[in-house]
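To start, the structure itself, in structure tokens.
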Amino acid sequence: MNSVVLPLVVDVYAKPDKIEHVKQVLFDLIEPARKSEGCMKYRLYENVVDAAHFTIVTQWASEDAYEDHLQSDCVKKATELLKDDFSKPADVKKYKHVHLDRGSNKKTKNSSTFCIIL
Numbered sequence: 001m002n003s004v005v006l007p008l009v010v011d012v013y014a015k016p017d018k019i020e021h022v023k024q025v026l027f028d029l030i031e032p033a034r035k036s037e038g039c040m041k042y043r044l045y046e047n048v049v050d051a052a053h054f055t056i057v058t059q060w061a062s063e064d065a066y067e068d069h070l071q072s073d074c075v076k077k078a079t080e081l082l083k084d085d086f087s088k089p090a091d092v093k094k095y096k097h098v099h100l101d102r103g104s105n106k107k108t109k110n111s112s113t114f115c116i117i118l
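The numbering of the sequence shown is UniProt numbering, which starts it at 1 and goes up by one.
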């Protein structure tokens with residue numbers, strides 16, 4: 001089993017006459033998705049400029065957890081409900097954390113234990 005944390009960003013675009021339906025179906029997917037094994041984060045956003053554009057930001061404990069989620073009944077139901085409601089295919093972007101080898105003998109100016117990202 002792959003144990004690397006998997007952040008994902010999914011952009012979907014509703015047809016103009018389907019915006020409210022898409023919003024409701026995506027909203028109804030939040031709680032079951034959050035209960036999926038391996039789900040670490042699941043958030044739905046609506047673009048403030050383009051109401052037809054929704055972004056789902058998720059984080060999974062592994063690629064396998066994400067793949068299991070895609071096969072879940074709630075995703076299958078949402079897929080069926082939304083099959084004709086998108087103006088273009090969903091854009092799924094997978095990410096990985098950036099780790100730089102800074103060398104173990106380099107000292108930092110900040111002695112805080114606060115995590116520094118990139």
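Even for Gly, the Cβ is constructed at its ideal location relative to N, Cα and C.
Residue(s) in a DSSP beta bridge with residue i
i: Leu-7; result: This sequence places Pro at residue 7; Leu is not what is there. Partner(s): Gln-59.
i: His-53; result: Tyr-13
i: Glu-46; result: Phe-54
Classification of residue i by the beta-carbon crowding that lies within 10 angstroms, buried from 16 upward
i: His-69; result: buried
i: Tyr-45; result: exposed
i: Ala-14; result: buried
i: Leu-6; result: buried
Inter-residue Cα distance where the pair is residue i and residue j
i: Ala-52; j: Leu-26; result: 12 angstroms
i: Val-75; j: Leu-29; result: 7 angstroms
i: Ala-65; j: Asp-73; result: 14 angstroms
Whether residue i touches residue j by CB criterion (8 angstroms)
i: Ile-56; j: Val-10; result: yes
Determine contact between the segment 36 to 45 and the segment 89 to 102, defined as no fewer than three beta-carbon pairs at a distance below 8 angstroms.
-> no
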